[in-house]
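If you're matching positions, the sequence shown starts at 20 in the working numbering and goes up one per residue.
The beta carbon of each residue, even a glycine, is placed where N, CA and C say it ideally should be.
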Amino acid sequence: MARMVIHLDLDAFFCAVEEGRDPALRGTAFAVGGRPEHRGVVSSCSYPARKFGVHSAMPMSQAVRLVPNLIIVPPHFDAYRAASKQVMALLGEITPLIEQISIDEAFLDVTGIPDAGERLAKRLQGAINGELGLPCSFGVASNKLVAKIANNIGKGSKSKDAPPNAILVVPHGEEAAFLAPLPINELWGVGPKTANELRQMGVYTIGDLARCAPSLLTRRFGKHGADILERAKGIDTRPVETERETKSISKETTFTRDVRSADKLRQTLRALSDGVGWRLRQEGLQGSTVKLKLRWSDFTTVSRQMSFPQGVSSDDDIYHAAIELFDQCWQSNRAVRLIGVGVSSLSEYNRQLDLWGGTQDDKQRKLQAALDELKSRFGENVIKRGNAGDT
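Have a look at this one:
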């Protein structure tokens with residue numbers, strides 16, 4: 020039985036949700052994101068805004084220069100999460116084999132379902148369009164790699180004036196032929212550096228790459244060369260994974276104005292550490308590596324990390340480690356643009372162990388549990404420290 024995978028991508032998802040919240044936005048040039056005076060960036064933008072060159076991850080100040088009358092809509096993440104859950108529920112009516120790879124993107128394994136891939140995609144598209152009012156595009160193929168690329172190509176072939184709502188099917192056995200004329204940068208695993216090296220070798224299309232001698236690519240790129248050669252032939256054996264492992268949890272903030280005060284930065288680290296600890300405990304995780312990220316005003320970024328033999332899960336443990344790392348790289352009076360805290364090397368949360376290798380103080384643990392309960396009921400921001408720097 021031929022394998023069949025569907026890739027779903029919700030078109031301009033944040034904008035589509037905002038249009039549902041405020042129908043007056045439809046047909047207008049607007050962007051979801053932060054204010055330009057607060058160094059905001061574009062999270063998503065409407066198709067009328069895209070016609071002028073606005074795109075996601077662009078500084079909002081640049082977007083406003085391109086479109087002076089651009090409407091800026093603050094993000095409503097609760098609404099996006101709720102809409103995403105509704106979409107995933109509709110997918111679940113087709114198959115339980117769903118791999119959600121982001122809030123607006125997923126793979127489905129529909130192998131063995133009697134309906135053809137295109138018919139299933141049209142059924143899902145009709146339900147998501149009709150019941151939720153959300154545009155969406157699909158790629159259908161025998162594996163994840165080709166289904167994802169098919170979706171990209173299908174969307175790219177549509178008019179840029181409106182959501183594409185595209186469906187593109189690559190029949191089983193035609194994967195290599197479909198990929199062959201595409202530029203090499205369309206292939207997963209071929210970034211700008213690898214693409215430039217391949218072009219220097221005379222390799223411009225995925226078909227060119229597929230015809231390369233394995234020994235040539237291995238000498239030039241090592242194991243990565245063998246991997247991209249296999250992908251160029253349309254081969255991808257990765258399963259649709261219904262559960263994805265969280266590799267790290269982090270929080271960071273970009274300041275509206277550069278900060279030179281060490282006290283202010285320590286206060287910010289306190290709040291970030293609290294947020295990371297809360298998320299760890301919500302997911303039943305702990306981590307043995309604490310990381311600090313610091314970006315100076317000239318965009319130079321430094322990072323430091325500290326590893327421990329036992330897991331970190333409490334806010335205080337994360338904060339104390341972050342402060343120690345901060346003191347290692349802090350340069351007095353040098354302005355900071357961004358600061359962040361993260362925890363990695365994750366494992367299942369063990370309540371009994373704290374950072375220093377003993378058992379966490381019972382009183383402290385009960386207080387942390389009580390605070391977590393309040394956050395679970397009323398939201399993460401229900402409790403603020405009287406002084407963000409207090410420990």
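With respect to the C-alpha of S366, the residue from A340, G330, W349, I225 having the closest C-alpha is G330. Contact check for S121 and R22: beta-carbon distance about 23 Å, past the 8 Å limit, so the pair fails to qualify. For the pair G244 and L236, the CB atoms are nearer than the 8 Å cut-off. Here C34 is buried, its C-beta having at least 16 other C-beta atoms within 10 Å. Counted as a single uninterrupted DSSP element, the stretch harbouring Q105 is not any beta strand (DSSP E) but the alpha helix (DSSP H) occupying residues 96–111.
Around A281, the same chain offers W349 as residues with beta carbons nearer than 7 Å, after the five sequence neighbours per side are excluded. Bridge pairing for E124: D28, S121 [DSSP].
For E367, the enclosing beta strand (DSSP E) has its first and last residue at 355–367. Around the beta carbon of G53, 16 or more other beta carbons lie within 10 angstroms, which makes this residue buried. Distance from the CA of F240 to the CA of Q324, rounded to the nearest whole angstrom, comes to 30 Å.
Within the segment 306–355, the complete beta strand (DSSP E) runs of at least 3 residues fall at 320–331.
About 6 Å separates the beta carbon of K163 from that of V24, a gap short enough to meet the 8 Å contact definition. Straight-line measurement puts the Cα of F274 at about 11 Å from the Cα of E56.
Secondary structure of I254 (DSSP, three-state): coil. Assigned with DSSP and collapsed to three states, F71 falls in coil, not helix or strand. Ranking L201, V360, V355, V51 by CA distance to the CA of S269 puts V360 first.
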